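Residue numbers (the working numbering): 82 to 273.
To start, the structure itself, in structure tokens.
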Ligand code: S3P
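Pasting the structure below:
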């Protein structure tokens, strides 16, 4: 799976990154609301928004499910790590990441090393995750077996690692605006 820069993402492109805007990396489990909150947060901050899963699909020319089928989870993780490294270099504003990406130590190091970048864990309860992930059937890790059991296992594995994020915000409930204001307040506190 290649990850060549496209015209609009190339460092040589005329669309230069917004150097003074913060890079905010949203992490958390499937169904935490990373894409929905990410889009609205970017609008609130006046920055760009990019979803790493979308970028992976564009780079590969197929869906995440197809990538899992063709290259296995390991192939997907490799592409995911490379795409997120590129997005961090491009300073794209708010980056919503796939739920497994922050489990990769290199990715966590890349986020920590990106100038001005902050990671934000959107923490959610099991009930919230089950409810939200039941709306669509596009996630390969949830295709086989009981969603609640799989998500519980992923919570056990991942929540200790997500807890390393710079900012932790609860994303249960329907009011995205409250979550966004909380994130904005916490970013301001962190940036001093
Ligand atoms: C995954 C989460 C998905 C996607 C892939 C694997 C995971 O993204 O990257 O299906 O390992 O948790 P979302 O968290 O955006 O659903």
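Positions of the beta carbon are idealized from the N, C-alpha and C atoms, including for glycine.
As the structure is a computational prediction, the values presented were derived from the model and not from experiment.
Apart from the five residues on each side of it in sequence, which residues of its chain come closer than 6 Å, Cβ to Cβ, to residue i?
{"i": "residue 116", "result": "132 and 177"}
{"i": "residue 188", "result": "162, 165 and 182"}
{"i": "residue 82", "result": "Confidence at residue 82 is low in this model, with a pLDDT of 49, below 50, so its placement is unreliable and the value that follows should be read with caution. Excluding positions up to five away in sequence, the list reads 141 and 160."}
{"i": "residue 120", "result": "130"}
Quick check: the Cα distance between residue i and residue j, rounded to an integer number of angstroms?
{"i": "residue 183", "j": "residue 167", "result": "15 Å"}
{"i": "residue 124", "j": "residue 257", "result": "13 Å"}
{"i": "residue 248", "j": "residue 148", "result": "31 Å"}
{"i": "residue 135", "j": "residue 114", "result": "15 Å"}
{"i": "residue 140", "j": "residue 129", "result": "19 Å"}
{"i": "residue 103", "j": "residue 225", "result": "38 Å"}
{"i": "residue 207", "j": "residue 237", "result": "11 Å"}
{"i": "residue 272", "j": "residue 105", "result": "12 Å"}
{"i": "residue 191", "j": "residue 244", "result": "17 Å"}
{"i": "residue 269", "j": "residue 122", "result": "14 Å"}
{"i": "residue 246", "j": "residue 143", "result": "30 Å"}
{"i": "residue 255", "j": "residue 217", "result": "17 Å"}
Can you list, in chain order, the residues of its chain whose CB lies under 7 Å from that of residue i, leaving out five sequence neighbours each side?
{"i": "residue 228", "result": "211, 214 and 215"}
{"i": "residue 239", "result": "110 and 184"}
{"i": "residue 198", "result": "104, 106, 169 and 192"}
In chain order, what residues of the same chain lie with their CB nearer than 8 Å to the CB of residue i, ignoring the 5 residues before and after it?
{"i": "residue 223", "result": "111, 214, 231 and 232"}
{"i": "residue 250", "result": "201, 202, 203, 204, 260, 263, 264 and 267"}
{"i": "residue 145", "result": "134, 137, 138, 157, 179, 219, 220 and 221"}
Exposed or buried, which one is residue i when buried takes at least 16 other CB atoms within 10 Å?
{"i": "residue 154", "result": "exposed"}
{"i": "residue 186", "result": "exposed"}
{"i": "residue 151", "result": "exposed"}
{"i": "residue 171", "result": "buried"}
On the premise that residue j lies in contact with residue i, defined as a C-beta separation below 8 Å, what is that separation, rounded to the nearest angstrom?
{"i": "residue 126", "j": "residue 118", "result": "That pair is no contact at about 12 Å."}
{"i": "residue 24", "j": "residue 179", "result": "Nothing can be reported for residue 24: it is not among the residues displayed for the chain, which extend from 82 to 273."}
{"i": "residue 159", "j": "residue 209", "result": "Between residue 209 and residue 159 the Cβ distance is about 30 Å, and since that is not below 8 Å, they are no contact."}
{"i": "residue 169", "j": "residue 195", "result": "4 Å"}
Could you tell me whether the Cβ of residue i comes closer than 9 Å to any Cβ of chain C?
{"i": "residue 220", "result": "Going by chain labels, chain C is absent from the structure shown, which holds only one protein chain."}
Segments assigned alpha helix (DSSP H), at least 4 residues, entirely inside the region 144-178:
145-171
In chain order, which continuous runs of the beta strand (DSSP E) of length 3 or greater are located wholly inside the region 175-218?
175-177 and 199-204
Report the start-end ranges of each alpha helix (DSSP H) in the region 215-261 that is 4 residues or longer and not cut off at the edges.
For the region 215-261, whole alpha helix (DSSP H) runs of length 4 or above, ordered along the chain, are 228-243.
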